[in-house]
Amino acid sequence: MLIRILGGVMICAACGLLGLYMSHRGVARARLLAEFKQSLTMLKSEIEYAAYPMPQAFSDIANATSENLAAFYDELSHKLIEKEMSLADAWEIGLAKFQNTQLTAEDMRTIGNLGRSLGNIDAIAQIQAIDLTIKSIDEILARLAMKNAKDGKMYKQLGLLGGALIVVVLI
Amino acid sequence: MDITVVFQIAAVGILVAVLNQVLKGAGRDDQATITTLAGLIVVLFWIIGYISDFFSAVQSLFQL
């Protein structure tokens, strides 16, 4: 009987944690997108005011951002300086750094489109492309905030209730 | 008949009802319906043997 109770508690805890993880996924995606948006604002000011070359700008941003984004911008800087790749190609390869993050295909498309634009245009058009991407990210973030508020609570409750249901069925 | 099955059915009923409310509150009416159906099927599996016994008892009682 003690083993049954212990098993039941473990199933409930596991399902509860799964629910917490699911509710946290949307939050992590929103946080990463917000950080990316902030890094784009930095990139914009590096192009607009400091007029640094792109590899230098990416290197500066890599030093000022969190781990995931730093890896992406470091990769970009490295590919541009050492491999002498085009910005569009380097951006495409750098996107692989986001494969294991919470970003979805929609987010990757938005970020990928910016890379294709940045490589082929002058500074003014680059700033416009960055502004457009920031606007797209803002729209995604607004939608995500509404979704997270609704789904976050639901996943937590579903986790615990689902665990309790499994325990009742198995007893 | 084991009385615990009655309590189990009651517990499943309560949990499925709460799950239904949670899913409907999140605007997922389809999943709420599927959950209710799944609960119904699970309970039917539990009691199908008892229903069969009941019909056999009725048949033998009235010699049908």
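As given, the protein sequences belong to chains A and B, one line each in that order.
Following my numbering, the numbering of the first sequence begins with 50 at its first residue and continues without gaps.
Following my numbering, the numbering of the second sequence begins with 9 at its first residue and continues without gaps.
Cβ atoms here follow ideal geometry from the backbone N, Cα and C, with glycine treated the same way.
In the three-state scheme derived from DSSP, where H, G and I count as helix and E and B as strand, K132(A) is classed as coil. In the displayed model, M157(A) falls within a helix according to three-state DSSP. M50(A): not part of any alpha helix (DSSP H); DSSP gives it neither H nor E.
The beta carbon of K196(A) sits no closer than 8 Å to any beta carbon of chain B. Under the three-state reduction of DSSP, F70(B) is assigned to coil, being neither helix nor strand. No Cβ-Cβ contact shorter than 8 Å links L69(A) with G212(A). Here A77(A) is near Q151(A), since their CB atoms are less than 8 Å apart. Around D38(B), the same chain offers no residue with a beta carbon nearer than 6 Å, after the five sequence neighbours per side are excluded. Sixteen is the threshold: since fewer than 16 other Cβ atoms of the shown chains lie within 10 Å of the Cβ of D187(A), the residue is exposed. Chain-order list of chain A residues neighbouring A65(B): empty, with the shortest C-beta distance near 27 Å, by a criterion of under 7 Å. Within the same chain, S72 come within 6 Å of G201(A) by CB-CB distance, once the 5 residues on both sides are set aside.
Within the region 21-41 of chain B, L23, V24, V26, L27, V30, L31, G33, A34, G35 and R36 place their CB atoms closer than 8 Å to a CB of chain A, listed in sequence order. The beta carbon of A119(A) sits closer than 6 Å to those of A111, all from its chain and outside the five residues before and after it, given in chain order.
Using a Cβ-Cβ distance cut-off of 8 Å, the region 100-110 of chain A and the region 126-140 of chain A are in contact, since at least three pairs of beta carbons, one from each stretch, lie closer than that value.
The region 130-137 of chain A and the region 59-68 of chain A do not touch, with fewer than three beta-carbon pairs separated by less than 8 Å.
Under the three-state reduction of DSSP output, A111(A) falls in the helix class.
Scanning chain B for C-beta atoms nearer than 8 Å to the C-beta of L210(A) yields L23, V26, L27 and V30, reported in chain order.
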